[in-house]
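What follows is a set of notes on a single structure, which appears directly below.
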Amino acid sequence: MTWLTLLLDVQDTSAASYLPIAIQLIFAAGFVAAMIGMSALVGPKRQTKDKLETFTSGITTHGDARQPMAIKYFLVAILFVLFDVEVIFFYPYAVNFRSLGWAGFVEVLMFVGFFLIGFTYIIKKGALTWED
Amino acid sequence: MTILALDWFLLIEKLILIAIIIFASLGVALYTTFAERKVAAILQDRPGPNRAGPFGLLQPLADGLKLITKEEIIPTHANKWLFILGPGLAMTAALMTCAVVPWGGTIEVLGHQVDLQIADVNIGILYVFAVVSMGVYGVMIGGWASNNKFSLMAALRAASQAISYELAMGLSLIALLMVTGSLSLRTIVEQQVGHVWNIVYQPLGFLIFFICALAECNRTPFDLPEAENELNFGYHQEYSSMKLGFYLFSEYINMFISSTIMATMFFGGYDLPFVTSHLSIPGTAAIVGIVVLMAKVVMFIFLFMWIRWTIPRFRYDQLMDLGWKKMIPLALANMLVTGFFILWHQNNWHF
């Protein structure tokens, strides 16, 4: 009976609204696993060495893909993390900004100012330039 | 014990709702592939698929059946478990986004009020963002685990494109949140019922959101991860059978869900405009709501397809330039202007 009481406890808090999401996660993951498993069972299995080679349109493969890629992608990822954190900071402001009034607006203007300074810096540094 | 009985009803109600919505979104995705081929055929003045069933209507079922019964190939150099996890994660993430969408009003079943929404969480749209971001992992893991240079390049492109456009997307929604003051999708829809839709307040925000949605769904003109003339086939080129099917499927489900989100956030969701009086038969209002929402969604999906078969693909540097140097400043400006005008209006046009 412990899990039943757990269910009841969950109901009393705001976490109750997340319970259906947990059920849906189990449902969706189960469906996906079942489909992948089923196609593995149903399909034919006539695998040869050539068939399991890495596909490169008939050209002989040279090495594998476990090697460094262009640094640009890494830069984009790092910049995304930085800027996404700043974007997330706007969300609580956007929900409460009516009560914060003009004082809050000026503070956000300053925040956007800092945001833009960083943004200009990375553009000037050429972090987002793709053609050399 | 009455509390327990209520719990069980809620649990069963949610289970049925989840099953219906997941299978409905799968069905919609299945027939979106068919619609895409038909729309392409009409735009290119050819008949399109017309052999399987009347008007080719059984074509998607035949395609699905074919995908399941195909041979599964896991390349010898691939990372086996991550190779399987990739499409699974992409598909699970795609199926999870529909949890917070309000599909209609409330219907009464056996004396209980049933909301046509799986979970009305107060962070609504943030949840959608979080789950959509998980989908990027699916592509990234799949592309890396394939151990194929083309797959890896395509996966990197997909990931960096998705995260770049996610920034502008988040910023464009902040302006909308300033208008609505809530993150809950149901609240946002209820504010629009009987009033003007949010598109009137946020035309630029919608445009930015729509462009970003195209990029997030890897749709033309942003389908760089699937640029077959540069990358063979894209991040899923080592995949076969249902694992390939899941990648393609998750893309169509994402298209469906982003159309739903756009209809909900900017176009009133299940609201039928100019009809303020409630329809007299109980339950009818909710059903009309679902039909109205679906009509809006179909319109958006058609727009996605129309763009795909009309506009050519960007070059990669153009894509990144548009995302970082144009969309983000534009979305920031939109946010500040919106905030300024709302505060100005709130203070009766005084400072």
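Going down the list, the protein sequences come from chains A and B.
Residue 0 is where the first sequence starts when you use numbering that gives the first Met the number 0, and the numbers rise one by one after that.
Residue 0 is where the second sequence starts when you use numbering that gives the first Met the number 0, and the numbers rise one by one after that.
Yeah, the Cβ is synthetic: ideal placement off N, Cα and C, and Gly gets one too.
- Considering only residues of the same chain and omitting the five flanking positions on each side of residue 224(B), which have a CB-CB separation below 8 Å? Locating residue 224(B) in the second sequence gives position 225, counting from the first residue. Cβ contact annotation for residue 224(B) (same chain, cutoff 8 Å, sequence separation greater than five): 138, 153, 154, 156, 157, 160, 217, 230, 233 and 234, in chain order.
- Item | Within-8 Å CB hit, residue 345(B) to chain A | Mapped onto the second sequence, residue 345(B) falls at position 346. Interface residue, yes.
- So is residue 181(B) in contact with chain A if we call contact Cβ pairs under 8 Å? Position 182 of the second sequence holds residue 181(B). At least one chain A Cβ lies under 8 Å of residue 181(B).
- Message: For residue 102(B) and residue 298(B), I'd like the C-alpha separation in whole angstroms.
- Response: Counting from one through the second sequence, the residue named residue 102(B) turns up at place 103. Counting from one through the second sequence, the residue named residue 298(B) turns up at place 299. Spanning the two alpha carbons is a distance of roughly 16 Å.
- Message: My output table needs one value for residue 225(B): the three-state DSSP class, helix, strand or coil.
- Response: Walking along the second sequence from the start, residue 225(B) turns up at place 226. Reduced to three states, the DSSP call for residue 225(B) is helix.
- Item | Residues from the segment 18-34 of chain A in contact with chain B, defined by Cβ distance under 8 Å | If the cut-off is 8 Å between Cβ atoms, the segment 18-34 of chain A has 18, 19, 20, 22, 23, 24, 26, 27, 28, 30, 31, 32 and 34 near chain B.
- Query: Hey, residue 95(B) and residue 23(A) are a contact pair by Cβ (cut 8 Å); roughly how many whole angstroms apart?
  - Reply: Translated into the one-based positions of the second sequence, residue 95(B) becomes position 96. Translated into the one-based positions of the first sequence, residue 23(A) becomes position 24. Contact flag correct, Cβ pair sits at about 6 Å.
- Task: Check each candidate in 166(B), 288(B) and 17(B) and name the one with the smallest Cα separation from residue 21(A).
- Result: For the purposes of this step, residue 21(A) is taken as the residue at position 22 of the first sequence. Nearest in C-alpha terms to residue 21(A), of all of 166(B), 288(B) and 17(B), is 17(B).
- Task: From the DSSP output, in three-state form, read off residue 55(A) for me.
- Result: Here the question's residue 55(A) lines up with position 56 in the first sequence. Residue 55(A) sits in coil when the DSSP states are folded into three classes, being neither helix nor strand.
- Cα-Cα separation, residue 114(A) to residue 85(A): Numbered from its first residue, the first sequence carries residue 114(A) at position 115. Numbered from its first residue, the first sequence carries residue 85(A) at position 86. For residue 114(A) and residue 85(A), the distance between alpha carbons rounds to 8 Å.
- Grab me the residues of residue 0(B)'s own chain with a C-beta within less than 6 Å of its C-beta, minus the 5 sequence neighbours each way, in chain order. Taking the first residue of the second sequence as position 1, residue 0(B) is located at position 1. Low confidence applies here, because residue 0(B) scores a pLDDT of 43, under 50, leaving its location unreliable and the question unanswered by this model.
- Task: Say whether chain A places a C-beta atom closer than 8 Å to the C-beta of residue 197(B).
- Result: Sequence index remark: in the second sequence, residue 197(B) carries index 198 (1-based). Not closer than 8 Å to any Cβ of chain A, the Cβ of residue 197(B) fails to qualify, so no.
- Query: How close, in whole Å, do the beta carbons of residue 68(B) and residue 255(B) come, if the pair is a contact with beta carbons under 8 Å?
  - Reply: Translated into the one-based positions of the second sequence, residue 68(B) becomes position 69. Translated into the one-based positions of the second sequence, residue 255(B) becomes position 256. With a beta-carbon spacing of about 25 Å, residue 68(B) and residue 255(B) fall beyond the 8 Å limit used to define contacts.
- Message: With a threshold of 8 Å on Cβ separation, who are the neighbours of residue 35(A) within its own chain once the five nearest residues in sequence on each side are excluded?
- Response: Indexing the first sequence from 1 puts residue 35(A) at position 36. No residues qualify anywhere along the chain.
- Item | Where residue 44(A) meets chain B, residues with beta-carbon distance less than 7 Å | Mapped onto the first sequence, residue 44(A) falls at position 45. Those are 70, listed as they occur along chain B.
- Task: Measure the Cβ-Cβ separation of residue 220(B) and residue 303(B) and say whether it is below 8 Å.
- Result: In the second sequence, counting from the first residue as 1, residue 220(B) sits at position 221. In the second sequence, counting from the first residue as 1, residue 303(B) sits at position 304. Cβ atoms of residue 220(B) and residue 303(B): not closer than 8 Å.
- With 8 Å set as the bound, which would you pick, yes or no: does the beta-carbon of residue 193(B) sit closer than that to a beta-carbon of chain A? Position 194 of the second sequence holds residue 193(B). No, because no Cβ of chain A sits closer than 8 Å to the Cβ of residue 193(B).
- Query: Can you find a CB in chain B that lies within less than 8 Å of the CB of residue 106(A)?
  - Reply: By 1-based counting over the first sequence, the position of residue 106(A) is 107. Using beta-carbon distances, residue 106(A) does not count as an interface residue toward chain B, since no partner is under 8 Å.
- Query: Which partner residues of residue 112(B) appear in the DSSP bridge assignment?
  - Reply: Residue 112(B) sits at position 113 when you count from the first residue of the second sequence. The bridge partners DSSP lists for residue 112(B) are 107(B).
- In chain B, which residues lie with their C-beta within 9 Å of the C-beta of residue 76(A)? For the purposes of this step, residue 76(A) is identified with residue 77 of the first sequence, where counting begins at 1. Neighbours of residue 76(A) on chain B, chain order: 158, 159 and 162.
- Task: Determine contact between the segment 8-22 of chain B and the segment 330-343 of chain B, defined as no fewer than three beta-carbon pairs at a distance below 8 Å.
- Result: Because the criterion of three Cβ pairs below 8 Å is not met, the segment 8-22 of chain B and the segment 330-343 of chain B do not touch.
- Item | Neighbour-count burial assignment, residue 246(B), 16 or more Cβ in a 10 Å radius | Residue 246(B) sits at position 247 when you count from the first residue of the second sequence. With 16 or more Cβ atoms within 10 Å of its Cβ, residue 246(B) is classed as buried.
- Task: Put residue 171(B) into one of helix, strand or coil per three-state DSSP.
- Result: Numbered from 1 along the second sequence, position 172 holds the residue referred to as residue 171(B). DSSP places residue 171(B) in helix when its eight states are reduced to three.
- Query: Which residues in the same chain have their Cβ closer than 7 Å to the Cβ of residue 354(B), if we skip the five residues on either side of it in sequence?
  - Reply: With chain B covering only 0 through 350, there is no way to say anything about residue 354(B).
- Message: Beta-carbon within less than 7 Å of residue 14(B)'s beta-carbon, same chain only, minus the 5 sequence neighbours each way: which residues are those?
- Response: Counting from one through the second sequence, the residue named residue 14(B) turns up at place 15. There are no such residues.
- residue 201(B) by DSSP, collapsed to three states: which one? The count along the second sequence starts at 1 and reaches residue 201(B) at position 202. In the structure shown, residue 201(B) sits in coil (DSSP, three-state: anything other than H, G, I, E or B).
- Task: Pair every Cβ in the segment 53-67 of chain A with every Cβ in the segment 113-120 of chain B, then say whether three or more of these pairs are closer than 8 Å.
- Result: Here the segment 53-67 of chain A does not lie against the segment 113-120 of chain B, with fewer than 3 beta-carbon pairs under 8 Å apart.
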